[in-house]
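Read the structure below first, then the notes.
Right, here's the structure in full:
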């Protein structure tokens, strides 16, 4: 099941990254900031992780991934969920693997207590819930939520012909799970009472052609949490306030169906300093979002944008969590490639670097981040992952830092 080759990490300054690559598997890479940009990234190893691995999640000594389909073999349309133990020198050792219970595995998350795993399957229109042990093993699935679309949405192509749950994200307290459904223009909100009891309590209905994709939670105080929603069809970032009971106290779980208040605070474009929505034509496709550790800056990647130099961008916002409109658009940075499906901020306390995986140009760029302005100052590393892929079927799907 696994193929691995590796080099020795001899320098303590070297960072380790993992890339989910549809054609090659999980790539383990080293990044040496002191080396020239074209030599700062090296391949340490390759680990097989099912057919078209599409998402990565770090949790302590383990790395988790989900594959798109064909698990356990080509006769199946289910994806696979893999748990790998991290070994010295960047190696990965398979610990456990289970079915994702749906076609098109694209996302997984783990609750704050490390006991519950969620998996979103975009083509199978399902979200599954599994118990997770501290030793990196899965229990039997406890929930498989199925979603149905009553009628197609206005999105171009196949973007809104069926229900497309694109993520299943836990809140910082662990008692809320949010599922953005790109196909249905909805976000489903669940209350989580541990693995065995997960109940839907709200349906957030969005404007037609929104195409909700990913969400990110940020706790403000004991009574308030912000949820940032990036939508790929209208290219917006929406900021919602979750108040009164959205954060559990002392491990208790209040009845959020009675107490939770969700308020839209702001809608902002991912393309410019406005609140304009684009038509759902698939010309521009907002993708991923990330928040700096100091909570001063929010980042959103834009795919397939119309630009003079034909490269895509990352939008940068300043954040004031206590303001009526928390986000202020600062500008755009080039990704130096096409279709930045995923990016991530380095795991050090200052998020000094940003790694961007460009799906079509099939490359990885690492940028030095300006801690004062939030902008990406310079290219600190670049690495080719393969040939140009206009089909988006073989290139990188995700990149994370150890």
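In this note's numbering, the protein residues as written are 6 to 407.
Beta carbons are placed, not taken as given, at the ideal position from N, Cα and C, and that holds for glycine.
Would you mind stating whether residue i and residue j have Cβ atoms separated by less than 8 Å?
i: residue 61; j: residue 29; result: no
i: residue 364; j: residue 391; result: no
i: residue 411; j: residue 177; result: With the chain running from 6 to 407 in the structure shown, residue 411 is simply not present.
i: residue 211; j: residue 295; result: no
i: residue 271; j: residue 229; result: no
i: residue 384; j: residue 374; result: no
i: residue 152; j: residue 136; result: no
i: residue 352; j: residue 406; result: yes
i: residue 168; j: residue 141; result: no
i: residue 285; j: residue 161; result: yes
Look up residue i in the DSSP assignment and say whether it is helix, strand or coil.
i: residue 252; result: Note on residue 252: pLDDT 45, under 50, position unreliable in the model; the coordinate value appears next. It is coil, neither helix nor strand.
i: residue 337; result: strand
i: residue 38; result: coil
i: residue 21; result: strand
i: residue 185; result: strand
i: residue 387; result: strand
i: residue 402; result: strand
i: residue 243; result: strand
i: residue 94; result: helix
i: residue 263; result: helix
i: residue 63; result: strand
i: residue 43; result: helix
i: residue 280; result: coil
i: residue 274; result: strand
i: residue 165; result: coil
i: residue 361; result: strand
i: residue 226; result: strand
Please go through the same chain and pick out, in chain order, the residues whose beta-carbon is closer than 7 Å to the beta-carbon of residue i, but skip the five residues on each side of it.
i: residue 269; result: 243, 245
i: residue 36; result: 19, 20, 22, 45, 46, 371, 386
i: residue 113; result: 60, 62, 69, 71, 86, 122, 123, 124
i: residue 183; result: 174, 192, 194, 220, 232
i: residue 98; result: 89, 90, 92
i: residue 255; result: Here residue 255 scores only 44 on pLDDT, less than 50, and its place in the model should not be relied on; the value that follows carries that caveat. Result list for residue 255: empty, nothing under 7 Å.
i: residue 80; result: none
i: residue 25; result: 31, 58, 59, 60, 61, 70, 401, 402, 403
i: residue 201; result: 147
i: residue 280; result: 272, 273, 274
i: residue 54; result: 30, 31, 70, 72, 87
i: residue 150; result: 131, 132
Report the CB separation of residue i from residue j in whole angstroms; it is logged as a contact under 8 Å.
i: residue 84; j: residue 73; result: 6 Å
i: residue 344; j: residue 309; result: 6 Å
i: residue 348; j: residue 322; result: Between residue 322 and residue 348 the Cβ distance is about 15 Å, and since that is not below 8 Å, they are no contact.
i: residue 179; j: residue 197; result: 6 Å
i: residue 187; j: residue 164; result: 7 Å
i: residue 88; j: residue 67; result: 6 Å
i: residue 267; j: residue 207; result: 7 Å
I want to check one thing, is the minimum distance from the CB of residue i to the heavy atoms of the ligand PLP below 7 Å?
i: residue 184; result: Because no ligand of any kind appears in the structure shown, any question about the ligand PLP cannot be addressed here.
Comparing C-alpha positions only, which one of the options sits nearest to residue i?
i: residue 299; options: 330, 63, 279, 354; result: 354
i: residue 223; options: 216, 214, 233, 217; result: 233
i: residue 316; options: 111, 49, 337, 205; result: 337
i: residue 376; options: 332, 297, 331, 339; result: 297
i: residue 362; options: 43, 381, 382, 389; result: 389
i: residue 132; options: 281, 393, 333, 108; result: 108
i: residue 335; options: 75, 64, 406, 304; result: 304
i: residue 130; options: 78, 39, 105, 77; result: 105
i: residue 225; options: 189, 324, 170, 168; result: 324
i: residue 38; options: 150, 396, 381, 357; result: 357
i: residue 116; options: 64, 260, 236; result: 64
i: residue 311; options: 342, 199, 333, 327; result: 342
i: residue 27; options: 162, 51, 236, 281; result: 51
i: residue 379; options: 333, 279, 280, 33; result: 333
i: residue 156; options: 138, 189, 235, 185; result: 189
i: residue 110; options: 43, 166, 76; result: 76
i: residue 154; options: 143, 166, 145; result: 166
i: residue 282; options: 235, 327, 328; result: 235
i: residue 199; options: 143, 185, 327, 120; result: 120
i: residue 260; options: 78, 138, 40, 181; result: 181
Once the 5 residues before and after residue i are set aside, which same chain residues still bring their CB inside 6 Å of it?
i: residue 148; result: 134, 203
i: residue 102; result: 85, 87
i: residue 237; result: 216, 218, 290, 291
i: residue 82; result: 74, 108
i: residue 262; result: 206
Grab me the residues of residue i's own chain with a C-beta within less than 8 Å of its C-beta, minus the 5 sequence neighbours each way, in chain order.
i: residue 307; result: 240, 275, 276, 289, 290, 291, 292, 317, 318, 319, 320, 337, 345
i: residue 367; result: 389, 390, 391, 392, 393, 394, 399, 400, 401
i: residue 34; result: 21, 22, 23, 24, 46, 47, 48, 49, 369, 388
i: residue 396; result: none
i: residue 118; result: 179
i: residue 326; result: 223, 225, 231, 300
Return no unless some Cβ of chain B is closer than 8 Å to the Cβ of residue i.
i: residue 356; result: Judged by its chain identifiers, the structure shown contains no chain B, having just a single protein chain.
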